[in-house]
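Visitor: Residue numbers (the numbering used here), protein chains in the order written: chain A, 8 to 80; chain B, 496 to 1219. Can you read through this structure? Questions will come right after.
Listed below in structure tokens is the structure:
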């Protein structure tokens, strides 16, 4: 299963699962990244990390390491 | 009896604007107990007995961030009479997630559907009556910026607070989850307040660490709850937290579908700005330009102008001189005149001198924050600063720190993650600030013959110290633990509001003045006393020169401490000590103690780069390496009192403040030791015990720098297991 990290800029993917427990996973889900939601990858920061995505109608940035916790299809 | 209403909502949803609009000028700013999170309270306009408490901006009521913990502890333990839940109508889906959690607490809730004007302008439609019906609580459409709907909001909020009419959330989870919640509720119903039963049941189902600790359930009950959760988790093949959040968002999606009609969505203005500002090619140049502008205006041009004016003109000419003359004319004793004019007024004056520059900086900070660019700074710089255990936002404190450490440290407030902020506070004053420049110029001029490389090397030393400290400290226990999540909203850009900016400048400025005065005043009096009094001619009293003062005695006593660094004389020790009052004092002290003869004269000589006249200073040092070691120590050790006091205020914790100051002094000592001992050795000196220690310190540094990250236990998980 690919993770959000592998989705190229400009593509949209659907979340299958958020892996992990604890603060980071909780924060990711609290921000609206849950099963079935569509995520659009908008851009990568000039230094190569973090990435910016659109989810539930707003813009969110997260590190590539955190994006790896998000399984998509 | 007075009524309390809590204001809760997401960050960037216009909460500050709404709070300012609801309470007007009638506000108090403080800290929530134990944390550096601003606590704002104010009286509701037109309702004298109604108190509004502004909770920190939060996305959820999870137990993981201090803002969220402060908010839930307040809501659960203090039980306000009502909650105004601010919902950003232009970003309704994510905003309603917090709402679903607030509705379960069992306190009357009213929703302020804010920024409704923007939604209408975009052609979207929100049926707020239907929203109110579905959610089970009143909904009022508002525009805090324009002041629309606020009277109605206040009226209805007071009404539900007085009537105590609880929200009646109609949200249902899927059947197995509801069954599990019902079973948990049955088990705990005698242990928790009845009105918040559902909230507790949901939190226990989520295995919430804090609720588990606070409810004091017996191990037997905990075991039963764990069984209920596991059964449910197995059925769903998912974690309980994930089930709850997923179903909450599913519910919200349905609510939004039935209440919101969206017009066709295109690129908004904010999107267009962002595609330029965070562009892969243009992003960094624009960032550099913005930072340069902020730095240039607040530190170099207007900032220096107003600081000099306040220091020289306002305090010096207009207050100190006339006051001194007047005190003498009425026959006040010399020591008392000295205490008042130099000790007290001089002390207050140097604080006042900072203030104008601070206010200009706060102005820029407020604009950067309010318009939404601050979040982009973090986005742009995160990758770089993460390596040193800091946040992308640490760039601003460090940059401002090259002007003055005080506003630099205060700028660290914009960093949310506690560890990142502490690290930034500890390292900001490594940067050479404006007051350190004369010291650098003095050493460069008097000892190195005005060599061009001394000043750049001081900046390099500062930057290297920040990086090295970041890497070393990141691997130590206090800074370890779970890496702070960087899951950050990039809010839509909007024009900064004048009221918010003014408010923010005022709040930051007044908190600085209040905190600065007490400690700074005491410290100035102490230093003035030790420098002006001493034993001379067999009796204790006011002395003519520094070398008879108590300060001289203290300096002589501890000078040996600095011998391994190459400057174990009492003059250099006193200079370092006075540098803690204000760094440029180092030059002043050398002026007094050498044949130059006067503090102000020495500063002028440095200003005009008059190298020959500075030559007497060179006699204080055994070698040029020793003088550079002295310079390094003064640049890196504890900053001036004003900055120390700011560190104390921003850490809001004595232990951390002492650790920060101790670390800075220790780090400076080690660096100077290496510079002097290894420098002397490589310049052809013999290998002595000092050289040995120099190499030993270097070895420790290299080890700390390059050792792998020590293994850490996942604290949250082990705590969780222990609790169950």
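The C-beta atom is built at its ideal place from N, Cα and C for all residues, glycine as well. The structure presented is a predicted model; accordingly, all values stated were derived computationally and were not measured.
What residues match up with residue 577 of chain B in a beta bridge as DSSP calls it?
Guide: By one-based count along the second chain, residue 577 of chain B stands at place 82. DSSP, once it has assigned bridges, lists B/500 as partnering residue 577 of chain B.
Visitor: Along chain A, which residues have their Cβ under 9 Å away from the Cβ of residue 877 of chain B?
Guide: Along the second chain, one-based indexing puts residue 877 of chain B at 382. Per Cβ cutoff of 9 Å: 52, 54, 56, 57, 68, 70.
Visitor: Using Cβ-Cβ distances below 8 Å, what residues of the region 669 to 682 of chain B are close to chain A?
Guide: Here the close residues number zero.
Visitor: Does any CB atom of chain A fall closer than 8 Å to the CB of residue 911 of chain B?
Guide: To locate residue 911 of chain B, count along the second chain from 1; it is residue 416. Closer than 8 Å: no.
Visitor: Quick check: is any heavy atom of the ligand COA less than 7 Å from the C-beta of residue 866 of chain B?
Guide: Among the components of this structure there are no ligands whatsoever, and the ligand COA is therefore not found.
Visitor: Can you list, in chain order, the residues of its chain whose CB lies under 8 Å from that of residue 884 of chain B, leaving out five sequence neighbours each side?
Guide: On the second chain, position 389 is the one that residue 884 of chain B refers to. Same-chain partners within the cutoff: 914, 915, 918, 965, 966, 968, 969, 974.
Visitor: Return no unless some Cβ of chain B is closer than 8 Å to the Cβ of residue 17 of chain A.
Guide: For the purposes of this step, residue 17 of chain A is taken as the residue at position 10 of the first chain. Residue 17 of chain A does not count as touching chain B.
Visitor: Please report the Cβ distance between residue 1018 of chain B and residue 1061 of chain B, rounded to the nearest whole angstrom; I am assuming they are in contact, meaning their Cβ atoms lie under 8 Å.
Guide: The residue given as residue 1018 of chain B occupies position 523 in the second chain. The residue given as residue 1061 of chain B occupies position 566 in the second chain. Not really, about 28 Å apart at Cβ, beyond 8 Å.
Visitor: Name, please, each residue of chain B whose Cβ falls closer than 7 Å to the Cβ of residue 35 of chain A.
Guide: Numbered from 1 along the first chain, position 28 holds the residue referred to as residue 35 of chain A. The contacting residues are 982.
Visitor: From what residue to what residue does the alpha helix (DSSP H) around residue 816 of chain B run?
Guide: Taking the second chain and counting its residues from 1, one reaches residue 816 of chain B at position 321. Its alpha helix (DSSP H) spans residues 816 to 824.
Visitor: Is the shortest distance between the beta-carbon of residue 1218 of chain B and the beta-carbons of chain A less than 8 Å?
Guide: Start at 1 with the first residue of the second chain, and residue 1218 of chain B comes out as number 723. Caution is warranted here: a pLDDT of 42 is assigned to residue 1218 of chain B, below 50, making its placement in the model unreliable, and the coordinate value is therefore given only provisionally. No, its Cβ sits nowhere closer than 8 Å to a Cβ of chain A.
Visitor: Counting along the chain, where does the beta strand (DSSP E) carrying residue 25 of chain A start and finish?
Guide: Position 18 of the first chain holds residue 25 of chain A. 19 to 25 is the span of the beta strand (DSSP E), which, as asked, contains residue 25 of chain A.
Visitor: Using a Cβ-Cβ distance under 8 Å, would residue 476 of chain B count as near chain A?
Guide: With chain B covering only 496 through 1219, there is no way to say anything about residue 476 of chain B.
Visitor: Using 8 Å as the limit for Cβ to Cβ distance, is residue 12 of chain A near chain B?
Guide: Reading the first chain from its first residue, position 5 is the one you call residue 12 of chain A. No, residue 12 of chain A does not count as interfacial toward chain B.
Visitor: May I have a chain-ordered list of the beta strand (DSSP E) segments no shorter than 3 residues that lie completely inside the region 1002 to 1058 of chain B?
Guide: With a minimum length of 3 residues, the continuous beta strand (DSSP E) runs that stay inside the region 1002 to 1058 of chain B are 1028 to 1031, 1034 to 1037.
Visitor: Please state whether DSSP places residue 1185 of chain B in a helix, a strand or coil.
Guide: Mapped onto the second chain, residue 1185 of chain B falls at position 690. Three-state result, residue 1185 of chain B: helix.
Visitor: Does the distance from the C-beta atom of residue 1200 of chain B to that of residue 1189 of chain B stay below 8 Å?
Guide: Position 705 of the second chain holds residue 1200 of chain B. Position 694 of the second chain holds residue 1189 of chain B. No; because the gap between Cβ atoms is not below 8 Å, this pair is not in contact.
Visitor: For my contact list, residue 565 of chain B and residue 551 of chain B are in at a C-beta cut-off of 8 Å; report their separation, rounded to the angstrom.
Guide: Sequence index remark: in the second chain, residue 565 of chain B carries index 70 (1-based). Sequence index remark: in the second chain, residue 551 of chain B carries index 56 (1-based). Their Cβ separation, rounded to whole angstroms, is 6 Å, which keeps residue 565 of chain B and residue 551 of chain B in contact under 8 Å.
Visitor: Can you give me the C-alpha to C-alpha distance between residue 771 of chain B and residue 61 of chain A, rounded to a whole angstrom?
Guide: Walking along the second chain from the start, residue 771 of chain B turns up at place 276. Walking along the first chain from the start, residue 61 of chain A turns up at place 54. If I take the Cα positions, the gap works out to 17 Å.
Visitor: Determine which residues of the region 694 to 711 of chain B have a Cβ less than 8 Å from any Cβ of chain A, and write them out in chain order.
Guide: Against chain A - using a Cβ distance shorter than 8 Å - the region 694 to 711 of chain B contributes no residues.
Visitor: Are residue 634 of chain B and residue 608 of chain B close, meaning C-beta to C-beta below 8 Å?
Guide: Residue mapping note: residue 634 of chain B aligns to position 139 of the second chain, counting from 1. Residue mapping note: residue 608 of chain B aligns to position 113 of the second chain, counting from 1. Against a cut-off of 8 Å, the Cβ pair of residue 608 of chain B and residue 634 of chain B comes out as a contact.
Visitor: Could you spell out where the beta strand (DSSP E) holding residue 533 of chain B opens and where it closes?
Guide: Residue numbering aside, residue 533 of chain B sits at position 38 when the second chain is read from its first letter. That run of the beta strand (DSSP E) goes 533 to 538.
Visitor: Can you give me the start and stop residues for the alpha helix (DSSP H) that residue 737 of chain B sits inside?
Guide: Along the second chain, one-based indexing puts residue 737 of chain B at 242. Unbroken alpha helix (DSSP H) run through residue 737 of chain B: 735 to 754.
Visitor: Report yes if the C-beta distance between residue 768 of chain B and residue 988 of chain B is below 8 Å; otherwise report no.
Guide: Mapped onto the second chain, residue 768 of chain B falls at position 273. Mapped onto the second chain, residue 988 of chain B falls at position 493. Yes, the Cβ-Cβ distance between residue 768 of chain B and residue 988 of chain B is below 8 Å.
Visitor: Determine the chain B residues that contact residue 25 of chain A at a beta-carbon separation under 7 Å, and present them in chain order.
Guide: Here residue 25 of chain A corresponds to residue number 18 of the first chain, with the count starting at 1. By Cβ distance, chain B contributes 737.
Visitor: Can you give me the start and stop residues for the beta strand (DSSP E) that residue 69 of chain A sits inside?
Guide: Start at 1 with the first residue of the first chain, and residue 69 of chain A comes out as number 62. Start and end: 65 to 69.
Visitor: Sort out for me which residues DSSP pairs residue 620 of chain B with in a bridge.
Guide: Position 125 of the second chain, counted from the first residue, corresponds to residue 620 of chain B. BP columns for residue 620 of chain B point to B/756.
Visitor: Just to confirm the assignment, what range does the alpha helix (DSSP H) spanning residue 61 of chain A have?
Guide: By 1-based counting over the first chain, the position of residue 61 of chain A is 54. That residue, residue 61 of chain A, is in no alpha helix (DSSP H); its beta strand (DSSP E) goes 58 to 62.
Visitor: What does DSSP give as the partner residue(s) for residue 525 of chain B in the beta ladder?
Guide: Residue 525 of chain B sits at position 30 when you count from the first residue of the second chain. Paired residue(s): B/534.
Visitor: Mapping the DSSP letters down to three states, classify residue 1126 of chain B as helix, strand or coil.
Guide: Within the second chain, numbered from 1, the residue matching residue 1126 of chain B stands at position 631. In this structure, residue 1126 of chain B counts as helix in the three-state DSSP scheme.
Visitor: Using a beta-carbon distance below 8 Å, is residue 998 of chain B in contact with chain A?
Guide: For the purposes of this step, residue 998 of chain B is taken as the residue at position 503 of the second chain. False, the Cβ-Cβ gap to chain A never drops below 8 Å.
Visitor: Are there 16 or more other CB atoms within 10 angstroms of the CB of residue 1153 of chain B, so buried, or fewer, so exposed?
Guide: Counted from its first residue, the second chain places residue 1153 of chain B at position 658. Exposed, by the Cβ-count rule.
Visitor: Would you mind stating whether residue 986 of chain B and residue 906 of chain B have Cβ atoms separated by less than 8 Å?
Guide: Counting from 1 along the second chain, the entry for residue 986 of chain B is found at position 491. Counting from 1 along the second chain, the entry for residue 906 of chain B is found at position 411. Not closer than 8 Å, so no.
Visitor: In whole angstroms, what is the alpha-carbon distance linking residue 742 of chain B and residue 538 of chain B?
Guide: The residue you call residue 742 of chain B lines up with position 247 of the second chain. The residue you call residue 538 of chain B lines up with position 43 of the second chain. Each residue's Cα considered, the two are about 38 Å apart.
Visitor: Taking the alpha-carbon of residue 886 of chain B as reference, which of B/942, B/1162, B/833, B/983 has the nearest alpha-carbon?
Guide: Taking the first residue of the second chain as position 1, residue 886 of chain B is located at position 391. Nearest C-alpha to residue 886 of chain B: B/983.
Visitor: Expressed to the nearest angstrom, what Euclidean distance is found between the alpha-carbon atoms of residue 43 of chain A and residue 593 of chain B?
Guide: As a first step, residue 43 of chain A is located in the first chain; it is residue number 36 there, counting from the start. As a first step, residue 593 of chain B is located in the second chain; it is residue number 98 there, counting from the start. Taking the straight line joining both Cα atoms gives about 20 Å.
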